[in-house]
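Residue numbers (the working numbering): 7 to 158.
We put the CB at the ideal spot given by N, CA and C, even for glycine.
Note that the structure is predicted; figures quoted are calculated from it, not measured.
Data block below; observations after.
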């Protein structure tokens with residue numbers, strides 16, 4: 007997972023173990039590709055046959071890898087359609103003290119409070135130290151268009 011993030015590449019595993027445990031675990035840890043040797047007959051006498059998968063084991067690897075991939079899922083912080091009505095119960099960023107155009111956002115003038123109609127609280131670190139693009143009244147849900155991209 008670190009390599010995938012650090013280098014923005016897909017990662018995988020070249021697996022020469024006898025069973026599928028390592029390969030399936032690698033999928034749960036973020037591997038997108040698995041290399042395994044496959045043989046028609048493990049007793050065939052070929053140089054890789056002893057650690058190669060036969061057809062039933064390959065099928066099981068595919069099934070188990072899919073289950074592991076789906077079980078881990080993907081991170082998604084976006085609201086689902088079923089959650090849209092729950093915004094009143096969520097927190098978001100609000101201006102709690104009048105902010106003038108060009109003024110910096112600080113812990114004193116921005117807070118994470120209910121309801122959830124503004125920027126998500128995860129953006130607080132990006133907002134703090136940024137500049138207001140316009141004057142904003144206390145009680146206003148903070149939106150991206152109110153926050154200048156660069157910090158001062």
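Check your understanding: Would DSSP call residue 152 helix, strand or coil?
Key -> On the chain shown, position 146 is the one that residue 152 refers to. Residue 152 falls in the helix class under three-state DSSP.
Check your understanding: Going by DSSP, what residues sit across from residue 118 in a beta bridge?
Key -> Here residue 118 refers to the residue found at position 112 of the chain shown. Within the DSSP bridge table, the entry for residue 118 names 99 as partners.
Point to revise | 7 Å Cβ cutoff met for residue 147 and residue 100 | key: Here residue 147 is taken as the residue at index 141 of the chain shown, counted from 1. Here residue 100 is taken as the residue at index 94 of the chain shown, counted from 1. Between residue 147 and residue 100, the CB-CB gap stays under 7 Å.
Practice item. List the endpoints of the continuous alpha helix (DSSP H) containing residue 73. Key: Within the chain shown, residue 73 is the residue found at index 67, counting from 1. Membership of residue 73 in the alpha helix (DSSP H) is indicated by the continuous run 61-78.
**Study point:** Integer Cβ distance of residue 54 from residue 43, believed to fall under 8 Å
**Key:** Position 48 of the chain shown, counted from the first residue, corresponds to residue 54. Position 37 of the chain shown, counted from the first residue, corresponds to residue 43. Contact between residue 54 and residue 43 holds, with the beta-carbon distance rounding to 5 Å and staying under 8 Å.
Practice item. Kindly say whether residue 11, judged by its beta-carbon, lies nearer than 7 Å to any beta-carbon of chain D. Key: Absent here is chain D; the protein component of the structure consists of one chain.
Check your understanding: Who are the near neighbours of residue 39 in its chain, counting only those whose CB is closer than 8 Å to its CB and skipping five residues on each side?
Key -> One-based indexing of the chain shown puts residue 39 at position 33. Excluding the 5 residues flanking it on each side, residue 39 has same chain C-beta neighbours closer than 8 Å at 16, 17, 18, 19, in chain order.
Point to revise | Range of the contiguous beta strand (DSSP E) that encloses residue 136 | key: Along the chain shown, read from residue 1 onward, the residue named residue 136 stands at position 130. Bounds of the beta strand (DSSP E) holding residue 136 are 136-138.
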